[in-house]
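Residue numbers (our numbering): 459 to 592.
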């Protein structure tokens, strides 16, 4: 299983005051320890860099992300993400533009989403998105 690690999990993992009982952070730690393949995208990196202050924090994030393969969306991903967002909305699930794109990238590349954000669980109920569960 290749994991796509969402911003919510990375954010928890990088925080000094991260909750010790986070199943998602524990899974991320296990995946790293066992050398499993993790994927992300440039927007996750950007969101993390925007959320942490100071050059030391930014340098640490950039350094750690240097080894991760980036999944890069193409035109068809954006079109499919818009369709996914519209489908979710018609079914009563509000989905952000970026979340729809992340979900689409996971579906297209056969990745399992590792997230602490329940919005992705709701998206998964209306799509082929696979979300890791404890």
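Quick reminder that beta carbons are idealized off the backbone N, C-alpha and C, glycines included. Quick caveat, the model's predicted, so the values are computed rather than measured.
Give me the DSSP bridge partner(s) of residue i.
i, result
"residue 462", "497 and 571"
Under the assumption that residue i contacts residue j (Cβ atoms under 8 Å), give the Cβ distance between them as a whole number of angstroms.
i, j, result
"residue 464", "residue 573", "4 Å"
"residue 519", "residue 506", "5 Å"
"residue 570", "residue 487", "At roughly 16 Å, the Cβ-Cβ gap does not stay under 8 Å, so residue 570 and residue 487 are not in contact."
"residue 542", "residue 497", "Contact flag wrong, Cβ pair sits at about 18 Å."
"residue 510", "residue 472", "7 Å"
Let me know the secondary structure DSSP gives residue i once reduced to three states.
i, result
"residue 586", "coil"
"residue 528", "strand"
"residue 510", "coil"
"residue 553", "coil"
"residue 545", "helix"
"residue 473", "coil"
"residue 534", "helix"
"residue 487", "helix"
"residue 479", "coil"
"residue 592", "coil"
Decide if residue i is buried, meaning its Cβ has at least 16 other Cβ atoms within 10 Å, or exposed.
i, result
"residue 552", "exposed"
"residue 483", "buried"
"residue 525", "exposed"
"residue 591", "exposed"
"residue 419", "Lying before the first or after the last residue shown, residue 419 is absent from the chain, which here runs from 459 to 592."
"residue 479", "exposed"
"residue 557", "buried"
"residue 530", "exposed"
"residue 495", "exposed"
"residue 452", "Since the first residue shown for the chain is 459 and the last is 592, residue 452 is missing from the structure and cannot be characterised."
"residue 481", "exposed"
"residue 580", "buried"
Take every Cβ of the stretch 552–568, pair it with every Cβ of the stretch 522–541, and state whether three or more of those distances are shorter than 8 Å.
yes
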